[in-house]
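S.K.: Numbering (the working numbering), first residue to last: 5 to 334. We put the CB at the ideal spot given by N, CA and C, even for glycine. This is the structure, below, for whatever I ask next.
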């Protein structure tokens with residue numbers, strides 16, 4: 005088994021927490037929460053893609069047959085995707101007649117999920133990641149992968165029409181970050197000097213550029229800052245993760261979250277939805293503009309989105325043979 009890369013695991017844990025937070029933005033929420041939401045969306049999915057690319061190449065098995073690798077990804081990615089999609093669509097169909105359901109579904113949704121993230125658009129990430137695992141292994145050397153990185157830059161920045169079917173548009177836009185992770189690992193010895201820079205410098209640079217991007221005065225620098233934010237956000241979170249790894253802070257809970265990050269991603273909106281249905285029935289939600297009371301509700305919703313999938317993962321999915329097959333553990 006490949007050795008764990010602790011700071012990448014910490015980054016994944018931080019990122020999935022940000023994903024769960026970012027997917028809770030109810031109507032009427034405070035302006036500061038909207039600002040947090042917008043901040044998270046400048047870098048969180050690029051960070052996930054970067055970590056996926058980095059881990060892919062770091063754990064790549066030399067000599068593994070392409071067909072065997074793809075079959076592993078079918079089991080790990082796509083079977084859980086279809087299972088969860090069917091569960092979510094089924095729950096919405098069963099409950100929409102007597103409770104509020106966001107984005108209600110029809111029976112045709114069971115067909116549509118085979119080419120579109122019908123159960124929830126956030127599932128585009130799985131389709132995009134799938135296509136990366138289909139294509140990237142065909143580029144076998146470092147130089148070939150660097151060439152693909154160059155192609156991914158072109159795909160990301162040159163506008164041309166594409167489609168959301170099979171999430172090809174999302175694949176086109178996110179390949180650059182996956183390949184960045186691949187190339188950072190491929191060429192880690194050549195870029196080692198960057199690791200000597202104090203990590204707080206990267207965090208400060210991200211904070212400064214973000215402040216420029218949201219400044220009330222608009223100009224060319226504001227637009228340029230937006231292009232830099234995903235990359236600086238990745239660097240800042242990786243730097244923060246390395247600081248946590250090197251500190252005396254216990255990170256066991258982050259390791260648990262990281263180990264369950266895929267299950268959290270698949271199920272967090274479902275359990276956030278249940279938590280929201282509870283929160284919105286409590287009288288204080290009539291005054292959702294009250295920052296303190298909103299914060300209590302937000303903590304509860306986000307905690308449900310993180311903790312319940314972890315409990316499912318540890319207590320059910322990893323223990324029973326059928327569950328292991330359905331959710332990618334076997």
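Specify the secondary structure class of residue 31 as computed by DSSP and reduced to three states.
M.R.: DSSP places residue 31 in coil when its eight states are reduced to three.
S.K.: Looking only at C-alpha atoms, which of 300, 316, 117 and 28 sits nearest to residue 171?
M.R.: Ranking the options by Cα distance to residue 171, first place goes to 117.
S.K.: Taking buried to mean at least 16 other C-beta atoms within 10 Å of its own C-beta, is residue 151 buried or exposed?
M.R.: That one is exposed.
S.K.: How is the alpha helix (DSSP H) around residue 112 delimited, first residue to last?
M.R.: Where residue 112 is concerned, there is no enclosing alpha helix (DSSP H), given that its DSSP letter is neither H nor E.
S.K.: CB residue 238 to CB residue 54, shorter than 8 Å?
M.R.: It is a contact, given that the beta carbons lie within the stated cut-off.
S.K.: For the alpha helix (DSSP H) containing residue 218, list its first residue and its last residue.
M.R.: Segment: none, residue 218 is in no alpha helix (DSSP H) and carries neither H nor E.
S.K.: May I ask which residues mark the beginning and end of the alpha helix (DSSP H) holding residue 265?
M.R.: First-last of the alpha helix (DSSP H) with residue 265: 265–283.
S.K.: Around the Cβ of residue 112, are there at least 16 other Cβ atoms within 10 angstroms (buried) or fewer (exposed)?
M.R.: Exposed: under 16 other Cβ atoms inside 10 Å.
S.K.: Across the segment 53–67 and the segment 86–101, are there enough close Cβ pairs to call them in contact, namely three or more that are closer than 8 Å?
M.R.: No: the two stretches stay apart, fewer than three of their Cβ pairs being nearer than 8 Å.
S.K.: Could you check what DSSP says for residue 239 in three-state terms: helix, strand or coil?
M.R.: Three-state DSSP puts residue 239 in a helix.
S.K.: Using CA atoms only, rank isn't needed, just tell me which of 231, 331 and 279 is closest to residue 317.
M.R.: Nearest C-alpha to residue 317: 331.
S.K.: If you drop the 5 nearest sequence neighbours on each side, which residues of the same chain put their C-beta closer than 8 Å to that of residue 19?
M.R.: So the qualifying residues of the chain are 48, 51, 52, 55, 241 and 265.
S.K.: Apart from the five residues just before and just after residue 61, which ones in its own chain have a Cβ nearer than 7 Å to its Cβ?
M.R.: Same-chain partners within the cutoff: 186, 189 and 190.
S.K.: Classify residue 301 as buried or exposed, calling it buried when 16 or more other Cβ atoms lie within 10 Å of its own Cβ.
M.R.: So residue 301 counts as buried.
S.K.: Assuming residue 132 and residue 88 form a contact by the criterion Cβ under 8 Å, report the distance between their Cβ atoms to the nearest whole angstrom.
M.R.: Their Cβ separation, rounded to whole angstroms, is 16 Å, which puts residue 132 and residue 88 out of contact at 8 Å.
S.K.: Between the Cα of residue 273 and those of 196, 307 and 231, spot the shortest distance and give me the residue it belongs to.
M.R.: If we check each option's Cα against that of residue 273, 307 comes out closest.
S.K.: Within 10 Å of its beta-carbon, does residue 299 have 16 or more other beta-carbons around it, so buried, or fewer, so exposed?
M.R.: So residue 299 ends up on the exposed side.
S.K.: Since residue 309 and residue 24 should fall inside the 8 Å C-beta cutoff, what is the C-beta to C-beta distance between them, to a whole number of angstroms?
M.R.: Indeed they touch by this definition, with Cβ atoms about 4 Å apart.
S.K.: Taking the alpha carbon of residue 4 as the point to measure from, which residue in 313, 327, 295 and 304 has its own alpha carbon closest?
M.R.: This structure cannot speak to residue 4, because the chain is shown only from 5 to 334.
S.K.: Once you ignore the five residues that flank residue 177 on each side, which residues in its own chain have a CB closer than 7 Å to its CB?
M.R.: Same-chain partners within the cutoff: 160.
S.K.: Can you tell me which of the three DSSP states residue 286 falls into?
M.R.: Coil, per DSSP.
S.K.: Using DSSP with H/G/I as helix, E/B as strand and the rest coil, what is residue 255?
M.R.: If DSSP states are grouped into helix, strand and coil, residue 255 belongs with coil.
S.K.: Can you give me the C-alpha to C-alpha distance between residue 259 and residue 208, rounded to a whole angstrom?
M.R.: So the two alpha carbons sit approximately 26 Å from each other.
S.K.: DSSP three-state label for residue 65, please.
M.R.: Coil, per DSSP.
S.K.: Leaving out five residues on either side along the sequence, give the residues of the same chain with a beta carbon under 8 Å from the beta carbon of residue 278.
M.R.: Within the same chain, residue 278 has close Cβ partners 308.
S.K.: Tell me whether the beta-carbon of residue 158 lies closer than 8 Å to the beta-carbon of residue 234.
M.R.: Not closer than 8 Å, so no.
S.K.: With a threshold of 16 other CB atoms inside 10 Å of the CB of residue 5, please say whether the residue is buried or exposed.
M.R.: Note on residue 5: pLDDT 47, under 50, position unreliable in the model; the coordinate value appears next. Label assigned to residue 5: exposed.
S.K.: Let's see if you can read the secondary structure: which residues bound the alpha helix (DSSP H) around residue 313?
M.R.: Looking at the DSSP string, the run of the alpha helix (DSSP H) that includes residue 313 is 295–316.
S.K.: Confirm, please, whether the CB-CB distance from residue 135 to residue 82 is below 8 Å.
M.R.: No, they are not a contact pair.
S.K.: Given residue 267, which residues of its chain have a CB within under 6 Å of its CB, disregarding the five upstream and five downstream residues?
M.R.: These residues qualify, in order along the chain: 313 and 317.
S.K.: Just how far apart, CA to CA, sit residue 86 and residue 77?
M.R.: Their backbone Cα atoms lie some 13 Å apart in a straight line.
S.K.: Label residue 321 either buried or exposed according to how many other C-beta atoms from any shown protein chain fall within 10 Å of its C-beta, with 16 as the threshold for buried.
M.R.: By the neighbour-count rule (16 or more Cβ atoms within 10 Å), residue 321 is buried.
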